[in-house]
Amino acid sequence: MRIWLAEVPARFDTALEQAYLALLDEPEHAQLGRLRFDALKRRYLLTRVLVRTVLSGHAPVAPEAWRFAQNAYGRPFIADPPPAAKPLRFNVSHTEALVVLVLAEGREVGIDVECTRRHAPLDVAQRFFSHAESAELMQLPPARQVARFWDLWTLKESYIKARGMGLSLPLDAFTFSFDGARLALAVESRIAEPERSWHFWQFALPGDHLLALCAQRLGPRVPVCEFRSVLPLREERPLMLNPLRSSSIQP
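What the sequence shown shows, in this note's numbering, is residues 28 to 278, in sequence order.
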């Protein structure tokens, strides 16, 4: 299982921008044209090209040939995949400065990244998180509440994205708890999900970013997370990152 990190540049040089634009399909060009601000345009363009080039590194399909659709909850997936691409699952998240993508074969995945320097809406926790999560957060010293909010938010986002149902899953129907570097998930029966069906990780990234990753549990083996830093069509290099916490730590 690999995760790609792509920093959003202040600008693209002309040759790279033209190469990126050549990979987009008509709906993507239309969406790009609807964006008003250059920063949003750069991030959108980078995101779409990252998805296309990463997928082409794992199946014999040209980057510009991929087609995508969305499920009933808005989650993108590969439309009419060729046989080599059928097991591929991907998910994307971004901040203003960073785009991240996770790719796996044969297992559902979800990813979320947040810049923890920005305002943490603690009232969201009180209104929408589970009672246990909200109570635990509010008992922390004020200086630690912001960090715990982002811990919970990123994990919750990764989970609902992995399940492909977005906010149709009520955020108070599942609870994350922390024991040092170990995570645990408890799920209420009303959303009908076995509690041990998923692996979770959290990673600290440069620039005060926090990343949470959720991957479907398929057997006793814990998937390995391999990170890559990338500027599509230009450069790619491995990154060594150790998780802050995980649900897969052996007792």
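C-beta atoms are modelled at their ideal positions from N, C-alpha and C, and glycine is treated no differently.
So does the stretch 223-233 actually touch the stretch 167-174, counting three or more Cβ pairs closer than 8 angstroms?
no
Based on DSSP bridge pairs, tell me the residues matched to Cys142.
His236
By the 10 Å Cβ neighbour count, where 16 or more other Cβ atoms means buried, how is Gln277 classified, buried or exposed?
Any answer about Gln277 is weak, because its pLDDT of 40 lies below 50 and its placement is not dependable; what the coordinates show is given next. Gln277 comes out exposed.
Distance CB(Phe176)-CB(Ala147) smaller than 9 angstroms:
yes
Within 10 angstroms of the Cβ of Val257, are there 16 or more other Cβ atoms? Answer buried if so, exposed if not.
buried
Pull up the CB-CB distance for Ser157 and Thr202, whole angstroms please, since I reckon it's below 8 angstroms.
4 angstroms
In angstroms, rounded to a whole number, what distance separates the CA positions of Ala211 and Val78?
30 angstroms
Contact between the stretch 126-134 and the stretch 86-100: three or more CB pairs below 8 angstroms?
no
To test your reading of the DSSP string, which unbroken beta strand (DSSP E) runs of 3 or more residues are found completely within the stretch 86-173?
95-97, 103-105, 115-121, 125-132, 136-142
Among Phe227, Val214, Asp199, Leu196, whose alpha-carbon lies nearest the alpha-carbon of Ala208?
Phe227
Nearest neighbour of Leu125, chosen from Val140, Val214, Gly60 [CA to CA]:
Val140
Measuring alpha carbon to alpha carbon, tell me which of Cys142, Lys183, Phe254 ends up nearest Val151.
Lys183
Residue range of the beta strand (DSSP E) that includes Glu262
262-266
Quickly, what does DSSP pair Phe201 with across the bridge? List them, please.
Val214
Please classify Arg69: does DSSP put it in a helix, a strand, or coil?
helix
Hey, could you find the ends of the beta strand (DSSP E) Arg29 is sitting in?
29-34
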